[in-house]
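In full-length UniProt numbering, the protein residues as written are 1 to 215.
Just so you know, even glycine gets a beta-carbon here, dropped at the ideal spot from N, CA and C.
Remember, it's a predicted structure, so these values are computed and weren't measured experimentally.
Since the structure comes first, as structure tokens, the remarks are kept for the end.
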């Protein structure tokens, strides 16, 4: 955007030519130093037509705002015979249609490159994350193999239900079993009646009960 302005003296007509690929925005018309009760009607001539765009007066309207855009040549003039009128506005660059398309294509290519660049680190991060997961699984498997009796590390239920008996329990059961086994390895016969018994105790009980009574 570039400022534009000119002074239009009494009785003067000025031809305005917008620069290539630019349009001119006419923003304001102001009355210069003038005598009392001076008036100036402003005109624009374009395409062979002369149009009034406003009237300036010293008392009521020393300046008027516009919103006029011109893309091609036009002429400015006013009716005051004693005062100058000052026009102001700005020039705006307007690229041709082909340039706009080239600009859009370049912008789209840049956006695609940005998107590709944005996608690449995401892929790398995913790859790292998957690698970590696989590494965790491998470590977990190795810890299972190292754990005795195939129990999982940190598994409380597996630690309670242990199939292997404690060595202390085996030691306590051994003397009990030996106490219950008979002292003699064979049978004992009664000399009086030729009956056989598994132990001396049974033989003595038999002798007291049967043979002592007979005596």
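The three-state reading of DSSP puts residue 204 in helix, counting H, G and I together.
Listed in chain order, the non-local C-beta contacts of residue 91 below 6 Å within the same chain comprise 2, 4, 22, 24, local neighbours out to five positions each way being set aside. In the structure shown, the three-state DSSP call for residue 35 is coil. By the beta-carbon neighbour count (other beta carbons within 10 angstroms, threshold 16), residue 18 is buried. Take residue 73, set aside five residues on each side of it, and the residues of its chain with a beta-carbon closer than 6 Å to its own are 17, in chain order. Of the other Cβ atoms in all chains shown, 16 or more fall within 10 Å of the Cβ of residue 87; this residue is therefore buried. Taking the C-beta atoms as reference points, residue 69 is found no nearer than 9 Å to residue 30. For residue 46 and residue 36, the gap between their C-alpha atoms comes out near 32 Å. Taken atom to atom, the span from the alpha-carbon of residue 79 to that of residue 58 is near 14 Å. The DSSP-derived three-state label of residue 96 is coil.
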